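First comes the structure, then the notes that go with it.
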Amino acid sequence: MTLLDFARGPAMQFAIVVFIVGISFRLVGVWALRHKPDLSEPRQTDAWKGGLKGLVQHAWPYKPFRADLVKEHIIGYVIHLGLLFVIFFYKPHVLFFQDIFGFGWPALPNGIITAIAVITIVALIIALVNRITDPVRRMLSNFDDYFSWFVTTLPFVTGLATAANIWWHYETGLAIHLLTVWLLLIYFPFGKLMHAFWFGVSRYTTGSRFARRGGIA
Amino acid sequence: MKDQDLTLGEELRRQGISRRSFLKFCAAVASSMAIPASMVPAMAESLAQARRQSVIWMSYQECTACIESLTRSYTPTLESMLFNFISLDYQHALQAAAGRQAEEALHQAMEDNWGEYLVIVDGSIPVKDNGVYSTVDGHTNLESIKEVAEGAAAIIAIGTCASFGGVGAAQPNPTGAVGVDEIITDKPILNVPGCPPMPEVMTGVLTSFLSFGRLPDVDSKKRPLAFFGETIHDRCYRRPYYDQGKYAKSFDDEGARNGWCLYELGCKGPITHNACATLKWNQGTSWPVQSGHGCIGCSEPDFWDKDSFYKPLSAGQWGSAEGIAIAAAAGAAAGVAAAVVSRKNQDKLSGGKKS
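Protein chains in written order, with this note's numbering: chain Y, 1 to 217; chain L, 1001 to 1355.
Right under this line is the structure:
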């Protein structure tokens, strides 16, 4: 068995199982915890509307802080949109998902995906530099933050190298790229990357609770 | 004077082949193997001084496509000279001798050229149950390769079966088929895989061996770098379409008619090392991708078992939907169990008073 066969076969199956088990464990585990009862009198009945509003409202910087946070928001959006386009609109990736789900969707030309990947890597590096150079953020950061950055950036770098075929050996490069993606999947449920699932839950919960107490989301 | 007593130069002159033709032949081989043009005169000189090389061709678990491929390409061109360069002393399909007479010819050739003959092997070798699944003249292939290899100067494994086991070794590999280098470990071995392999690769390798007295430089799978150094994808004339994101989605759609990239139809070009894209087949006429079919990766180990030929390369071998469903259920069960433990701890800390 070559490294690529291992990456495409057993390693991939293991990573997907760990990912699914982990996501399911954390979502169900938190949902099944005892929820804190809200004993206050509901100020309004349609608290769920506040929850939905919270989903949108927290996607933008709060107005009084906007001037200070706009740079972080732009970098954050570049990274997340970059992830979205590269993962879901690069043809080989679409074919990967098509194989799993049974249906595909249109892809972007490879040149555009390459440009997006380069921009995303630059944004990821800027985010890391900001985190390290800002004393407050550095104090707030732990291993989870740095490792999450590492496992997110690595597949971008190895993927670009594979697409450009700058490896000494294409199959080994492709296998390394796949293995870095599996590392991301395996770590995903157990670290801060889980925010991809939590962000919706937490924004909705915050929005609906505030609304119940009469606040704006 | 026996044929093998003549040098190749003398033999070619005897046949009326001019030095100019001979130099052109050397230049063609040198260019296909990326040998610098400045080496051509030295190569020709060395080749002209060489004696006809004794070659013993052993066929084991094979389908004869390798020899079919090689012989057909040799017909009227420069390559036809190659059979004058070598003395093919034993070859099942081509030799006139049969039965015990053929086996005697083999042993005679081995004795006459002990330590100097070149062994070419096509077909995989079964090793399970002491190799009983394939025998010639009462001897298993396993016994035969060990015997023939002992006096060989070098071994060339022709085709994917002799190189890596090929279709014989495909799962579940009932005969325990393997390639030559898994049995013989103390001789120089060169793999020329392909199903079948390219004829020009064979001629190039032989010429190189005769000229320089050693096998050419190889990659990690013992394949000559000159022919297997790059992937089909890297040298494919459809590569620009891959870069532009233009793919044929079926074998008869507009993309296929426009000659777009066949990646989506399962082409294995990106992971396949071979010279098809540059040398082409049938004297440069065409090759599979040019004919509209993706590369199936036939020069790579275990290509039979690497999923469907029509499955895109980026699609994984991801197991079953049941496995994923079980994983999701197991995760959910573990989550509920963790929550129950957490609730019990909460109750314990609050002394049974529910918050």
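Where a beta carbon is used, it is the ideal one built from N, C-alpha and C, also for glycine.
What you are looking at is a predicted structure, and each value in this text was computed from that prediction instead of being measured.
Going by DSSP, residue 1057 (chain L) is part of the beta strand (DSSP E) stretching over 1053 to 1059. Uninterrupted alpha helix (DSSP H) stretches at least 4 residues long and entirely within the region 22 to 108 of chain Y occur at 47 to 57, 66 to 89, 91 to 101, given in chain order.
Ranking L:1054, L:1147, L:1064 by CA distance to the CA of residue 1113 (chain L) puts L:1054 first. Within the same chain, 1061, 1124, 1125, 1126, 1165, 1168, 1169 come within 7 Å of residue 1177 (chain L) by CB-CB distance, once the 5 residues on both sides are set aside.
Following the DSSP letters along the chain, one finds residue 1087 (chain L) inside the beta strand (DSSP E) bounded by residues 1086 to 1090. Burial check for residue 1257 (chain L): the Cβ neighbour count within 10 Å stays below 16, so the residue is exposed. Nearest in C-alpha terms to residue 130 (chain Y), of all of Y:76, Y:161, Y:93, Y:204, is Y:76. Contact between the region 19 to 31 of chain Y and the region 1328 to 1344 of chain L is present, with at least three C-beta pairs closer than 8 Å. Residue 177 (chain Y) is classed as buried because its beta carbon has at least 16 other beta carbons within 10 Å across all chains shown. Taking a Cβ-Cβ threshold of 9 Å, none of the residues of chain Y is close to residue 1169 (chain L); the smallest such distance is about 13 Å. If you ignore the 5 residues before and after residue 1027 (chain L), its C-beta comes within less than 6 Å of the C-beta of 1040, all in its own chain and listed in chain order. Counting the other Cβ atoms within 10 Å of the Cβ of residue 214 (chain Y) gives fewer than 16, which makes it exposed.
Put simply, the CB of residue 194 (chain Y) is far from chain L, with every gap to its CB atoms at 8 Å or more. When 7 Å is used as the limit between beta carbons, residue 209 (chain Y) is near no residue of chain L, the shortest such separation being about 17 Å.
The C-beta of residue 52 (chain Y) comes no closer than 8 Å to any C-beta of chain L.
Here the alpha carbons of residue 1093 (chain L) and residue 1100 (chain L) stand approximately 15 Å from one another. Boundaries of the beta strand (DSSP E) around residue 1118 (chain L): 1117 to 1122. Rounded to the nearest whole angstrom, the C-alpha separation of residue 32 (chain Y) and residue 52 (chain Y) is 22 Å. Burial state of residue 1220 (chain L) is exposed, judged by a 10 Å Cβ sphere holding fewer than 16 other Cβ atoms.
Listed in chain order, the positions of the region 1207 to 1233 of chain L with a beta carbon within less than 7 Å of a beta carbon of chain Y are 1231.
In this structure, the beta-carbon distance from residue 1205 (chain L) to residue 1192 (chain L) falls below 8 Å.
In this structure, residue 1159 (chain L) lies near residue 1196 (chain L), with their beta-carbon atoms less than 8 Å apart. Chain-order list of chain L residues neighbouring residue 109 (chain Y): 1244, 1245, by C-beta distance under 7 Å. Listed by position along chain L, the residues whose Cβ is nearer than 7 Å to that of residue 170 (chain Y) are 1231, 1270, 1271. Contacts with chain Y at 8 Å (Cβ-Cβ) include residue 1328 (chain L). The region 83 to 102 of chain Y and the region 124 to 144 of chain Y do not touch, with fewer than 3 CB-CB distances between them shorter than 8 Å. Close partners of residue 1335 (chain L) in chain Y (Cβ separation under 8 Å): 24, 25, 26, 27, 28, 29, 30, 31, 32.
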